[in-house]
Structures are given as structure tokens and as C-alpha cells.
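Heads up, the thing below is written out as C-alpha cells.
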Amino acid sequence: MTPQEVDARGEICPYPEVMAQKAMKALRAGDRLVVKIDYAMSTETIPRWAEGEGHTVVEIRKTGHSEWEIILQKAG
46 MTPQEVDARG EICPYPEVMA QKAMKALRAG DRLVVKIDYA MSTETIPRWA EGEGHTVVEI
106 RKTGHSEWEI ILQKAG
């Protein structure tokens with residue numbers, strides 16, 4: 046299955062995390078979510094939230110000067 050994507054670029058805390066939480070609720074166990082961000086603090090807050098909920102942080106990759114993708118896999 047193609048991962049779902051959330052484009053939170055241009056947003057600051059807490060919005061990228063809130064957007065990721067909302068998107069994750071709509072997924073089934075094992076599905077992946079790609080969160081695109083340009084707010085550095087979200088590289089810490091989103092993985093912390095995801096792991097706290099039992100989800101897997103598959104990868105955090107830098108995709109540009111100040112842009113990242115966080116790939117999450119839903120628990121279940």
C-alpha cells in the first residue's frame with residue numbers, strides 16, 4: 046500500500062504533531078504515514094509522540110535545507 050502523506054510544511058508546533066495524530070487515526074495497523082515538515086522541533090516531538098503511542102518510527106530523513114520527512118508505521 047502507498048503510504049499516506051501529511052504535508053505540514055509551513056506549520057509550527059503543535060500543528061504538525063496534531064496533523065500527524067489525526068492522519069494516524071484514519072490508518073489501519075501496519076500502514077505507513079509520511080509527515081513532511083520544515084519545523085525542526087517537530088523532528089523531536091512527532092517521533093516522541095509516535096513511540097509513546099506504540100507506533101514505529103521507520104525513518105527520519107532530511108530532504109532539503111530545512112525540510113524533513115518522518116516515516117511512521119501504525120502499531121497493531
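Heads up: take any position in the sequence shown, counting from 1, add 45, and you land on my numbering.
Each residue gets a CB set at the ideal place from its N, CA and C atoms; glycine is no exception.
N- and C-terminal bounds of the alpha helix (DSSP H) containing K67: Position 22 of the sequence shown, counting from 1, holds the residue named residue 67. That run of the alpha helix (DSSP H) goes Y60 to K70.
DSSP-derived helix/strand/coil call for E98: Residue 98 sits at position 53 when you count from the first residue of the sequence shown. Of the three classes helix, strand and coil, the one that applies to E98 here is coil, per DSSP.
Selection from E50, R93, P59 and C58 that minimises the alpha carbon distance to D76: The residue labelled residue 76 in the question sits at position 31 within the sequence shown. Per the Cα distances, E50.
Paired residues, beta bridge with E104 - DSSP: Counted from its first residue, the sequence shown places residue 104 at position 59. According to DSSP, which records beta bridges pairwise, E104 is partnered with I116.
DSSP three-state assignment for I82, whether helix, strand or coil: As a first step, residue 82 is located in the sequence shown; it is residue number 37 there, counting from the start. Three-state result, I82: strand.
E104 burial status per 10 Å Cβ neighbour count (16 or more: buried): Position 59 of the sequence shown, counting from 1, holds the residue named residue 104. Per the 10 Å Cβ criterion, exposed.
Inter-residue spacing [alpha-carbon to alpha-carbon] between A95 and H110: The residue labelled residue 95 in the question sits at position 50 within the sequence shown. The residue labelled residue 110 in the question sits at position 65 within the sequence shown. Near 24 Å, if we compare the C-alpha coordinates of H110 and A95.
Buried/exposed call for M86, threshold 16 Cβ in 10 Å: Translated into the one-based positions of the sequence shown, residue 86 becomes position 41. With fewer than 16 other Cβ atoms within 10 Å, it is exposed.
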